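Colleague: After the C-alpha cells below, expect a handful of questions from me.
The following block contains the structure:
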C-alpha cells in the first residue's frame with residue numbers, strides 16, 4: 010500500500026525480461042526491454058531517490074515478441090560514462106529461433122553500436138532463454154541452444170591500438 014513509484018513499460022508490454030543497472034560518474038540508469046515494447050532506459054535521480062520518468066529514453070528499436078523479453082547486461086570501464094555499453098539478447102518468439110545480440114550506448118539507448126545480424130559470421134545461433142550476456146576481460150560470452158558458447162571480441166587488425174587504458 011505504500012507504492013513509491015510506478016513505472017509504465019508500455020500498453021502491450023509483458024515484463025518477461027531482466028533488468029540491468031548502470032551507475033556512472035554522472036548518469037545512473039535502470040534498463041528494461043519487455044516483450045512487445047521498446048528498449049527503455051529509466052534515469053535515476055540521486056537527489057530525489059526516484060526514477061526521472063519524464064526523461065525516460067526509448068530506443069526506437071522494436072524488441073522481442075512471443076512470450077519473451079530481452080536479457081540485459083552492462084559493461085563499462087569503471088564509472089566512465091563514455092565507455093558504458095548495454096548488451097541485449099533476445100529471440101523472435103517462444104519457440105527455438107535464431108537469437109540476436111545487440112550493443113547500445115548505455116547512456117543513450119537510441120544509439121545502437123552493433124548487432125550480431127550485421128555480419129553472418131557474428132550469428133550466435135539459436136537463442137537460449139534466461140541467459141544474460143556475460144562480459145569479462147573485453148569479451149562478451151553468449152550461451153546458445155546451438156550446442157555452443159559464442160565469444161565476441163574485437164578483431165585483431167594491423168592498425169595500432171589507440172586505447173589509452175590498461176583494459
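Residue numbers (the working numbering): 10 to 176. Idealized CB from N, CA, C, for every residue including glycine. Predicted model only: the values in this text are computed from it and were never measured.
Write down the C-beta distance between residue 81 and residue 29 rounded to the nearest angstrom, noting that I regard them as a contact closer than 8 angstroms.
Modeller: Rounded, the Cβ-Cβ distance is 4 angstroms, consistent with contact.
Colleague: Within the region 63-115, note down every full beta strand (DSSP E) run reaching 3 residues or more, in order along the chain.
Modeller: Here the runs fully enclosed are 66-71, 80-84, 94-100 and 108-114.
Colleague: Below 7 angstroms, is the gap between the Cβ of residue 22 and the nearest heavy atom of the ligand GTP?
Modeller: Because no ligand of any kind appears in the structure shown, any question about the ligand GTP cannot be addressed here.
Colleague: Hey, how far is the Cα of residue 9 from the Cα of residue 130?
Modeller: Past the edges of the chain, shown from 10 to 176, lies residue 9, and the structure says nothing about it.
Colleague: Straight-line CA distance for residue 147 to residue 13?
Modeller: Cα to Cα, residue 147 sits roughly 38 angstroms from residue 13.
Colleague: The beta strand (DSSP E) with residue 52 in it runs from where to where?
Modeller: Element bounds for residue 52: 47-54.
Colleague: What residue range does the beta strand (DSSP E) around residue 143 cover?
Modeller: 143-145 is the span of the beta strand (DSSP E), which, as asked, contains residue 143.
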